[in-house]
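Residue numbers (our numbering): 27 to 115. All remarks here apply to the structure that follows.
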Amino acid sequence: MTDFSDFEKLRTPDGGWVGPEELHQVLAEDGYSVGNREQYLKTLLTRLSKAECRTSNDRESHLALMQEVRNILSQEQDKEGQNPISDDV
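Now the structure itself:
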């Protein structure tokens, strides 16, 4: 079972969302295996879609982060020969 408590790593100290670059750092630091990485990305996408945004800047960074998660998930699924389903999550 993957530990999703590091979802908080996607928040800045002031409560906003990190940028896509930081998402890549989180993924690299935590060293997920292929299956765990894909599950983690799907969970992130689900949790991000339910998260609320307080300001327009927060909304913009939230949307950018969601798009980057979708992009990475699609790349991961493509590597495995799967049809990308990240837009369905």
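No residue lacks a Cβ here, since even glycine has one placed at the ideal position from N, Cα and C. Bear in mind that the values here come from a model prediction, so they are computed numbers and not experimental data.
query: Which one or two residues does DSSP pair with arginine 37 in a beta bridge?; result: Trp43
query: Which runs of the alpha helix (DSSP H) spanning at least 4 residues fall entirely within the stretch 43-96, listed in chain order?; result: 46-56 and 60-76
query: Quick test of your reading: arginine 85 and cysteine 79, contact by CB under 8 Å. State the CB separation rounded to the nearest angstrom.; result: 4 Å
query: Less than 8 Å between C-beta atoms, sequence neighbours within five positions excluded: which residues of the same chain meet that for glutamate 102?; result: Val60, Arg63, Glu64 and Leu67
query: What is the rounded straight-line gap between the Cα of valine 52 and the Cα of histidine 88?; result: 16 Å
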